[in-house]
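Protein chains in written order, with our numbering: chain A, 4 to 311; chain B, 16 to 437.
In this text, a Cβ means the ideal position worked out from N, Cα and C, and glycines have one as well.
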Amino acid sequence: MHWTHKDLLDVCDLSTGDVERIFETADSFMEINRRQVKKVPTLKGKSVVLFFAEPSTRTKTSFDVAAKRLSADTFSLAKSGSSLSKGESLKDTAWTLQAMNPDAIVLRDSRSGAARFIAERLDCSVLNAGDGWHAHPTQALLDAFTLRRAWGGEFAGRTVTILGDIAHSRVARSNVNLLTRLGATVRVCGPRTLLPPRLDTWPVTVCHDLGSGLDGADAVMCLRLQLERQQDGLLPSLREYAQTWGLSRRALRKAKAGAKVLHPGPINRGVEIASDLADDPDSLILDQVASGVAVRMALLFLFLTRKD
Amino acid sequence: MSNAEFIVKGARWRGESVDVLVAQGRILELRPSGNYMDPGAQKIPAGGALLLPALTDCHVHLREPGFEYKEDIVSGLGAAAQGGFANIMCMANTRPVNDEAAVTEMMLEKARRAWKNGPRLFPVAALTRGLAGAELAELAELRRAGCVAASNDGLPVRNSELFRRAVEYAADAGLIVIDHCEDPDMAPGAGVNEGEVSSRLGLKGQPVAAEAMQVARDILLAEYLGLPIHIAHVSCRQAVELLAWAKGRGVPVTAETCPHYLLLTDEAVENYSTAAKVSPPLRTLDDVLAVRQALREGVIDILVTDHAPHAAHEKEVPFAEAPNGISGLDTALALTMRMVDEGILDLDTALRAWCWRPAEIFGLPACTFKRDDPADFVLYDPGAPWELTPERMRSKGKNTPFMGQTLPGRVNALFVGGVRIV
Numbered sequence: 004m005h006w007t008h009k010d011l012l013d014v015c016d017l018s019t020g021d022v023e024r025i026f027e028t029a030d031s032f033m034e035i036n037r038r039q040v041k042k043v044p045t046l047k048g049k050s051v052v053l054f055f056a057e058p059s060t061r062t063k064t065s066f067d068v069a070a071k072r073l074s075a076d077t078f079s080l081a082k083s084g085s086s087l088s089k090g091e092s093l094k095d096t097a098w099t100l101q102a103m104n105p106d107a108i109v110l111r112d113s114r115s116g117a118a119r120f121i122a123e124r125l126d127c128s129v130l131n132a133g134d135g136w137h138a139h140p141t142q143a144l145l146d147a148f149t150l151r152r153a154w155g156g157e158f159a160g161r162t163v164t165i166l167g168d169i170a171h172s173r174v175a176r177s178n179v180n181l182l183t184r185l186g187a188t189v190r191v192c193g194p195r196t197l198l199p200p201r202l203d204t205w206p207v208t209v210c211h212d213l214g215s216g217l218d219g220a221d222a223v224m225c226l227r228l229q230l231e232r233q234q235d236g237l238l239p240s241l242r243e244y245a246q247t248w249g250l251s252r253r254a255l256r257k258a259k260a261g262a263k264v265l266h267p268g269p270i271n272r273g274v275e276i277a278s279d280l281a282d283d284p285d286s287l288i289l290d291q292v293a294s295g296v297a298v299r300m301a302l303l304f305l306f307l308t309r310k311d
Numbered sequence: 016m017s018n019a020e021f022i023v024k025g026a027r028w029r030g031e032s033v034d035v036l037v038a039q040g041r042i043l044e045l046r047p048s049g050n051y052m053d054p055g056a057q058k059i060p061a062g063g064a065l066l067l068p069a070l071t072d073c074h075v076h077l078r079e080p081g082f083e084y085k086e087d088i089v090s091g092l093g094a095a096a097q098g099g100f101a102n103i104m105c106m107a108n109t110r111p112v113n114d115e116a117a118v119t120e121m122m123l124e125k126a127r128r129a130w131k132n133g134p135r136l137f138p139v140a141a142l143t144r145g146l147a148g149a150e151l152a153e154l155a156e157l158r159r160a161g162c163v164a165a166s167n168d169g170l171p172v173r174n175s176e177l178f179r180r181a182v183e184y185a186a187d188a189g190l191i192v193i194d195h196c197e198d199p200d201m202a203p204g205a206g207v208n209e210g211e212v213s214s215r216l217g218l219k220g221q222p223v224a225a226e227a228m229q230v231a232r233d234i235l236l237a238e239y240l241g242l243p244i245h246i247a248h249v250s251c252r253q254a255v256e257l258l259a260w261a262k263g264r265g266v267p268v269t270a271e272t273c274p275h276y277l278l279l280t281d282e283a284v285e286n287y288s289t290a291a292k293v294s295p296p297l298r299t300l301d302d303v304l305a306v307r308q309a310l311r312e313g314v315i316d317i318l319v320t321d322h323a324p325h326a327a328h329e330k331e332v333p334f335a336e337a338p339n340g341i342s343g344l345d346t347a348l349a350l351t352m353r354m355v356d357e358g359i360l361d362l363d364t365a366l367r368a369w370c371w372r373p374a375e376i377f378g379l380p381a382c383t384f385k386r387d388d389p390a391d392f393v394l395y396d397p398g399a400p401w402e403l404t405p406e407r408m409r410s411k412g413k414n415t416p417f418m419g420q421t422l423p424g425r426v427n428a429l430f431v432g433g434v435r436i437v
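Right, dumping it as structure tokens:
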């Protein structure tokens, strides 16, 4: 069956069958990533623009590696090096890029809805690499892919706790959507100042203390805390946050034995997660990075070989 | 013998076929349609069109001086005429701000030159110099220059002591204060209600409390001072409940809302639609129902458009960057008649809110079709649905979430001071 989606803006645009297809494709690319020669000619001649209008190391590098391993050409553009920094509108920047006729644009932007905005105006595929607080579909896909491998493919009966700054997290929004659709139970846990409004309309349980948030969880997904939240008046201090909401080995005892720990990175060690726990064998943080390359290879493959 | 200069024949008013007799810019008589002898009077057949008093819009942004590319006084008055408005009040957030008599005089002069016979322009003075919220503007002089009200518009005065003094001083100057109610520290200009939609879209939303707290402040001040304050564009149930409480106590507050707060919920910003980004933001269905009921019951006194035209390129940006506002003059009457057709409002409520009550609050001319009233009226054809397209809007601002919709009827004719201008 042909892949028909033009863009990847959010995980809710994908059917469960689409997600399974991405995972199966990523499984095959995991094998390529372990070869001595990690490059295949699948996307030779295709060009991918990596347009990161917001700083990023992991996601951008991951996409870059993924594209190159499939032999696509990549072109990087940052806000500081683009006309956006001179006040050009996003629409004009998009049209300029379009005129260069790329096959896909991978976009990271600090404004919610930016990926949809670009996708509605361009003919090439747009892959959302994170827009504002809204969505980070490739991160959610790689997180779920990582857990799927750790759990042997089964999400039903599993509980995932997403811990920390839910309100400002595109990772949380996309993960809630994807994990619940795959059958997991999702809890969100954090101080009220970092929880979004109307969580009663989300398919999650809300926990206002760390103990109940972690109780019996099969996996804990820590979110990166933006350090400026203290200046925003949302937290009294990082010290208090770390003591009250930081994931420590002791706090993790409330979760199931062998509970998996995830973090989308970059980590503030000692703030949202204790340093030793980040390096623990049950931590999947580096597996997430490895899975990320395979999942993004799968996505680039599917979107760049799609048929309308 | 009536001495009428012209007679509009066969219009429909409150279910009856009527003739309107006009002389020297004023209503002579409204009488059942018939074959009366009126020698010398020009006959204008209405063809069964609805007769309505011309509308008054107490909250409009004309953008001139300073932002003529969005709208200017000529184009804004053109949109007002097409929309059936005889009077419009324009806000002070121009560049320069309308905080000096010279700016007011320039606006009035441009309006007179471009539209000799109306729609009439009534400028609203800046409440504070430069809308900065620090010092009072010269309100007495602005009143003398022609302003009819004072407002800090979208930049509400944070300092309650200064706001109190502004209300007192404005009252002495003969100006009513209009207050845009929004706690300036709570997500100002977010453009989206804080709730399920903002949460899902990952947008910073503004809670209804930001509006309601400022409404509460104004009510307490109006009661304490015994002076009127007019609350701009009410959007939420909490504000409505506070207003009902205040009016029950006899507090001299009045209030307005806009067609979009009666017709749209925050679902309209789905897919990051900047056309539906307004301040205060569109709220929930519960708020819409509360605002509708408040208008029917007179808790909200008047309807306004909050006409806020913007250039296309300004709205064609990611949601957070887009300016707030809907271009509303062209569509207000048709949207109102849609609400009448749908039973959301009855016609009398709509006319009270668009015509008679605004005149009472701000001391403006109004037509009730009694002898000597200004001959300001509209012939509205309810049987002429039209599709809203950019080309059909007279305003330079094409920014409306109703674009592409079929509206139920249109203005066939507008008379202002007895002169047909549409």
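Contact list for residue i against chain B, beta-carbon separation under 9 Å
| i | result |
| --- | --- |
| histidine 211 of chain A | Near histidine 211 of chain A there are no residues of chain B at all, since even the closest Cβ is about 17 Å away, more than 9 Å. |
| tryptophan 136 of chain A | Leu216, Gly217, Leu218, Lys219 |
| phenylalanine 120 of chain A | Tyr287, Glu331, Val332, Pro333, Phe334 |
| arginine 173 of chain A | Gly217 |
Whether residue i touches residue j by CB criterion (8 Å)
| i | j | result |
| --- | --- | --- |
| leucine 11 of chain A | phenylalanine 306 of chain A | yes |
| alanine 181 of chain B | valine 192 of chain B | yes |
| leucine 45 of chain B | alanine 19 of chain B | no |
| valine 458 of chain B | leucine 278 of chain B | Residue coverage of chain B in this structure runs from 16 to 437, which leaves residue 458 of chain B outside it and unanswerable. |
| glycine 424 of chain B | alanine 368 of chain B | no |
| threonine 415 of chain B | isoleucine 359 of chain B | no |
| cysteine 105 of chain B | valine 319 of chain B | no |
| leucine 438 of chain B | threonine 119 of chain B | Because chain B in this structure spans residues 16 to 437, residue 438 of chain B falls outside the shown range and cannot be described. |
| valine 434 of chain B | alanine 428 of chain B | no |
| leucine 228 of chain A | valine 264 of chain A | no |
| asparagine 339 of chain B | serine 288 of chain B | no |
| glutamate 207 of chain A | valine 179 of chain A | The question names glutamate, but residue 207 of chain A in the sequence shown is valine. Yes. Within cutoff. |
| arginine 27 of chain B | leucine 66 of chain B | yes |
| glycine 62 of chain B | glycine 25 of chain B | yes |
| lysine 393 of chain B | valine 426 of chain B | One point to set straight first is that residue 393 of chain B is valine, not lysine, in the sequence displayed. Contact: yes. |
Chain-ordered neighbours of residue i on chain B, where CB pairs are closer than 8 Å
| i | result |
| --- | --- |
| alanine 117 of chain A | Pro333 |
| arginine 272 of chain A | The contacting residues do not exist; arginine 272 of chain A stays about 27 Å from chain B at best. |
| arginine 315 of chain A | This structure does not reach residue 315 of chain A, given that chain A is present from 4 up to 311, and the question cannot be answered. |
Contact list for residue i against chain B, beta-carbon separation under 7 Å
| i | result |
| --- | --- |
| leucine 93 of chain A | Val332, Pro333 |
| arginine 242 of chain A | Residues of chain B passing the Cβ test: none, with the nearest at roughly 26 Å. |
| arginine 256 of chain A | None at all; the shortest Cβ gap to chain B is about 32 Å. |
| arginine 176 of chain A | Gly217 |
Anticipated Cβ contact below 8 Å, residue i with residue j, distance rounded
| i | j | result |
| --- | --- | --- |
| alanine 365 of chain B | phenylalanine 430 of chain B | Not quite, the Cβ-Cβ distance comes to about 19 Å (not below 8 Å), so this is no contact. |
| arginine 298 of chain B | glutamine 97 of chain B | Wrong, their Cβ atoms sit about 29 Å apart, outside the cutoff. |
| tryptophan 136 of chain A | arginine 173 of chain A | 6 Å |
| isoleucine 103 of chain B | valine 75 of chain B | 5 Å |
| phenylalanine 55 of chain A | leucine 93 of chain A | Not really, about 13 Å apart at Cβ, beyond 8 Å. |
| asparagine 113 of chain B | leucine 142 of chain B | At roughly 11 Å, the Cβ-Cβ gap does not stay under 8 Å, so asparagine 113 of chain B and leucine 142 of chain B are not in contact. |
Near the ligand COA: residue i beta-carbon under 7 Å from a heavy atom
| i | result |
| --- | --- |
| valine 266 of chain B | Ligands displayed in this structure: none; no statement on the ligand COA is therefore possible. |
7 Å Cβ cut-off: residues of chain A touching residue i
| i | result |
| --- | --- |
| histidine 74 of chain B | Going along chain A, no residue has its Cβ under 7 Å from histidine 74 of chain B, so there is no contact; the nearest lies around 28 Å. |
Could you run through the stretch 193-204 of chain A and flag, in chain order, every residue whose CB is less than 9 Å away from some CB of chain B?
-> Correct list: Pro199, Pro200, Arg201, Leu202, Asp203, Thr204.
Entirely within the stretch 190-274 of chain B and at least 3 residues each: give me those beta strand (DSSP E) ranges in chain order.
-> If one requires a minimum length of 3 residues, the beta strand (DSSP E) runs lying completely within the stretch 190-274 of chain B are 191-194, 244-246, 268-272, in chain order.
Continuous beta strand (DSSP E) assignments of at least 3 residues falling wholly in the stretch 232-265 of chain A | For the stretch 232-265 of chain A, whole beta strand (DSSP E) runs of length 3 or above, ordered along the chain, are 263-265.
Between the stretch 181-214 of chain B and chain A, which residues of the former have CB atoms less than 8 Å from a CB of the latter, in chain order?
-> If the cut-off is 8 Å between Cβ atoms, the stretch 181-214 of chain B has Glu209, Gly210, Glu211, Ser213, Ser214 near chain A.
Which runs of the alpha helix (DSSP H) spanning at least 4 residues fall entirely within the stretch 333-397 of chain B, listed in chain order?
-> Assignment of alpha helix (DSSP H) within the stretch 333-397 of chain B, counting only whole runs of 4 or more residues, yields 347-356, 362-366, 372-377 in chain order.
Write down every uninterrupted run of the beta strand (DSSP E) in the stretch 285-321 of chain B whose length is 3 residues or greater and which is fully enclosed by it, in chain order.
-> Positions of the beta strand (DSSP E) runs, each at least 3 residues long and wholly inside the stretch 285-321 of chain B, cannot be given because no such run exists.
Mind pulling the beta strand (DSSP E) runs of 3 or more residues that sit fully within the stretch 36-77 of chain B?
-> Qualifying beta strand (DSSP E) stretches, in chain order: 41-47, 57-60, 65-68, 70-75.
Quick one: which unbroken alpha helix (DSSP H) runs of 4-plus residues sit fully inside the stretch 124-185 of chain B? Chain order, please.
-> As summarised for the stretch 124-185 of chain B, the continuous alpha helix (DSSP H) elements at least 4 residues long and confined to that stretch are 154-160, given in chain order.
Identify every run of the alpha helix (DSSP H) within the stretch 128-171 of chain A, keeping only runs that are complete inside it and at least 4 residues long; order them along the chain.
-> Within the stretch 128-171 of chain A, the complete alpha helix (DSSP H) runs of at least 4 residues are 140-153.
If you measure beta-carbon to beta-carbon, which residues of the stretch 314-329 of chain B are closer than 9 Å to chain A?
-> If the cut-off is 9 Å between Cβ atoms, the stretch 314-329 of chain B has His328 near chain A.
Identify each residue in the stretch 159-171 of chain A for which the Cβ-Cβ distance to at least one residue of chain B is less than 7 Å, and report them in chain order.
-> Taking 7 Å as the upper bound on Cβ-Cβ separation, chain B lies near no residue of the stretch 159-171 of chain A.
Within the stretch 16-100 of chain A, ranges of the alpha helix (DSSP H) (whole runs, at least 4 residues) = Counting only runs of 4 or more residues that sit fully inside the stretch 16-100 of chain A, the alpha helix (DSSP H) segments are 19-36, 61-72, in chain order.
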